[in-house]
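See below for the structure under consideration.
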Amino acid sequence: MLTYYSMLIAGLILILSAGFIFMPMFIDRVYSLVNISKSIGCLLLGVLLLTFTLPSLKNVLFKQYDVVSGRCVIEIDSSSRTSEADFYMQDTDEIFTYRDIPKLDAYGKSVPYYCKVTVTKDHNFEVSYKIYNSKTRKLILASE
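First residue of the sequence shown? That's 125 in this note's numbering, and the numbers climb one at a time after it.
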């Protein structure tokens, strides 16, 4: 949910900063190319971030979540600066990504687990996960 809230706040800040850049320009009637570029760039980036986050706002505020459960494979992606855990749900062919890496004994396609992943109703943002043993259905690990 940290990703969701940071995208929402960044979108709002960018739209407000576009307004603060544009207002003095409009009042003084001095339109420089640099200020116009900054204003339009901030506005477009802010609108882009809000188009990703606002459709899910109702689901997040009212905690309308969906639980996707089934067999899953957990892979660790450490190619970027931060490592992420990708949950491949084999029953529904969906992929969910979490920033916190579960501390498990083994990862990869050869180690299947049974997972319950909580996501928003539109399946755009991940909330939490629970990892179970695939045979005994005993809880191994749950996210905070």
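Note that the Cβ used here is the ideal one computed from N, Cα and C, for glycine as well. These figures come from a predicted structure and were not determined experimentally.
- As DSSP reads the structure, glutamate 218 sits in a beta bridge with Met213.
- No residue range can be given for threonine 206, since it is assigned to no alpha helix (DSSP H) and is classified by DSSP as neither H nor E.
- Collapsing the DSSP output to three states places tyrosine 256 in a strand.
- Across the structure, lysine 259 and isoleucine 198 are spaced so that their CA atoms are roughly 16 Å apart.
- Bounds of any alpha helix (DSSP H) do not take in isoleucine 225, whose DSSP letter is neither H nor E.
- According to the DSSP assignment, valine 241 belongs to the beta strand (DSSP E) that extends over 236 to 244.
- DSSP places alanine 266 inside the beta strand (DSSP E), whose first and last residues are 263 to 266.
- Short of 6 Å from the beta carbon of aspartate 201, and not among the five residues preceding or following it, lie these beta carbons of its own chain, in chain order: Glu208, Asp210.
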